[in-house]
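In UniProt numbering, the protein residues as written are 1 to 303. We put the CB at the ideal spot given by N, CA and C, even for glycine. Take a look at the structure below.
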Amino acid sequence: MKDFLEKNLNDAPMLGAFVNQSDEIKVEGFELIKVEERDGKQAINARELHQKLGSKQEFAHWIRNRIEKYGFVENQDFSSFDNFVKREKGSSVRKEYALSLDMAKELCMIENNEKGRTIRKYFIEVEKKSRMQSIPSLPDFTNPAIAARAWADQFEKNQVLTLENKQQKEELAKASQEIVGLSAQITTMKPKTTYFDVMMKNKSTSVITSMAQDYGMSPQAFNKLLHEHGIQHKVSDQWVLYRQYLDKGYVNSEPVTITHNDGKQTIKYNTKWTQKGRFFLYEFLKEKGILPLIERNNNGETH
1 MKDFLEKNLN DAPMLGAFVN QSDEIKVEGF ELIKVEERDG KQAINARELH
51 QKLGSKQEFA HWIRNRIEKY GFVENQDFSS FDNFVKREKG SSVRKEYALS
101 LDMAKELCMI ENNEKGRTIR KYFIEVEKKS RMQSIPSLPD FTNPAIAARA
151 WADQFEKNQV LTLENKQQKE ELAKASQEIV GLSAQITTMK PKTTYFDVMM
201 KNKSTSVITS MAQDYGMSPQ AFNKLLHEHG IQHKVSDQWV LYRQYLDKGY
251 VNSEPVTITH NDGKQTIKYN TKWTQKGRFF LYEFLKEKGI LPLIERNNNG
301 ETH
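Encoded structure:
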């Protein structure tokens, strides 16, 4: 096998036991091809692979042709970077390519020769070795001391997990109580918001009858309530505001023509509350503990 590889891979060694040495994969002390770590993934230098495959094409043409013809995607199958090369007369920039292990294996197959097949098998062995290294090793349970230490470590981990679970349950229970409290607050606030929404939607003036209904009262009782709190008084059968509220824009007086049985007509003025006036009454009565029906609980008590 060694003679075969020396003949086909420019004195490359045969496949055998792998040794990870300075981030280079070696076979029985002889390096076949470097498998480097790049951005946490295994990568192959395309120029070196091109050389090992023994391709007669110029490298730049070879790699571009392979990428375009077989649809390899940059930053997925490979990445490119500039490499500064020193020469006798100054230096030059050379474009290099880092290939994923899958792309490198596919390029080996594309070559369709013995070198390509051999290197592809090598890459497969590299993958196997990498997977085996990622599997955690189990303690030697045949050794009593090691087994005891392993069981002790596991017991300590279980104790920590139990404590963490208990703390999480306590925090969850506390959070649940807070959610219940917030839900109750939202339920309490919702009727108030609903009543404001009702007033906001109704921008027209309102007669005392509809306002009294919001508070579960008759028009007469509601007018009397406003009178008792010093908001309005009666003048010639019409309820009018006291002087301190007259210029606030709370009410409008609208004339209504009344035709009597004898055909005689008289004019009566009705007081209608504006949206601004309704907001004033709501805040004023709220301070007195008087709320509209939708802001009272089932027992008739205010929130």
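For residue j and residue i, believed in contact at Cβ under 8 Å, the rounded distance
i: glutamine 238; j: tyrosine 269; result: 5 Å
i: leucine 101; j: isoleucine 63; result: Not quite, the Cβ-Cβ distance comes to about 16 Å (not below 8 Å), so this is no contact.
i: serine 79; j: alanine 98; result: 5 Å
i: serine 218; j: tryptophan 273; result: The Cβ separation is near 16 Å, so there is no contact.
i: lysine 121; j: leucine 53; result: Not confirmed; about 14 Å, so no contact.
i: glycine 216; j: leucine 293; result: 5 Å
i: glutamine 275; j: asparagine 202; result: 7 Å
i: tyrosine 70; j: isoleucine 110; result: 7 Å
i: arginine 131; j: glutamate 96; result: Going by Cβ atoms, the distance from arginine 131 to glutamate 96 rounds to 27 Å, so no, they are not a contact pair.
i: methionine 199; j: phenylalanine 279; result: 6 Å
Residue range of the unbroken alpha helix (DSSP H) whose run includes residue i
i: arginine 94; result: Counting along the chain, arginine 94 falls outside any alpha helix (DSSP H), though it belongs to the beta strand (DSSP E) covering 91-100.
i: lysine 52; result: 46-53
i: glutamate 68; result: 59-70
Delimiting residues of the beta strand (DSSP E) encompassing residue i
i: glutamate 37; result: 36-38
i: asparagine 83; result: 78-86
Local Cβ density within 10 Å of residue i, reported as buried at 16 or more and exposed below that
i: histidine 50; result: buried
i: aspartate 39; result: exposed
i: alanine 104; result: buried
i: arginine 66; result: buried
i: lysine 128; result: exposed
i: glycine 277; result: buried
i: threonine 271; result: buried
i: serine 91; result: exposed
i: threonine 257; result: exposed
i: residue 324; result: No statement about residue 324 is possible, as the shown extent of the chain runs from 1 to 303 and does not include it.
i: glycine 289; result: exposed
i: tyrosine 242; result: exposed
i: phenylalanine 72; result: buried
i: asparagine 223; result: buried
i: glutamine 159; result: exposed
i: leucine 291; result: buried
i: glutamate 287; result: exposed
i: glutamate 283; result: exposed
i: aspartate 82; result: exposed
i: leucine 182; result: exposed
i: leucine 226; result: buried
i: glutamate 74; result: exposed
i: valine 93; result: exposed
i: phenylalanine 155; result: exposed
i: isoleucine 208; result: buried
i: leucine 107; result: buried
i: isoleucine 124; result: exposed
i: glutamine 133; result: exposed
i: glutamate 295; result: buried
i: lysine 174; result: exposed
i: valine 35; result: buried
i: aspartate 262; result: exposed
i: isoleucine 267; result: exposed
i: glutamate 24; result: Confidence at glutamate 24 is low in this model, with a pLDDT of 45, below 50, so its placement is unreliable and no value can be given for it.
i: serine 22; result: Residue placement at serine 22 cannot be trusted, given a pLDDT of 34 that sits under 50; the coordinates are not used to answer.
i: glutamine 42; result: buried
i: isoleucine 33; result: buried
i: serine 55; result: buried
i: valine 251; result: buried
i: valine 235; result: exposed
i: aspartate 3; result: Confidence at aspartate 3 is low in this model, with a pLDDT of 46, below 50, so the placement of that residue should be treated as unreliable; the coordinate-derived value is given next. Aspartate 3 comes out exposed.
Runs of alpha helix (DSSP H) wholly within the UniProt domain "Antirepressor protein C-terminal" (184-287) (minimum 4 residues, chain order): 208-214, 219-228, 243-246 and 275-287
Segment contact flag, the region 174-184 with the region 243-253, C-beta cutoff 8 Å, min 3 pairs: no
Validate contact between the region 143-160 and the region 67-87 using beta carbons, cut 8 Å, 3 pairs: no
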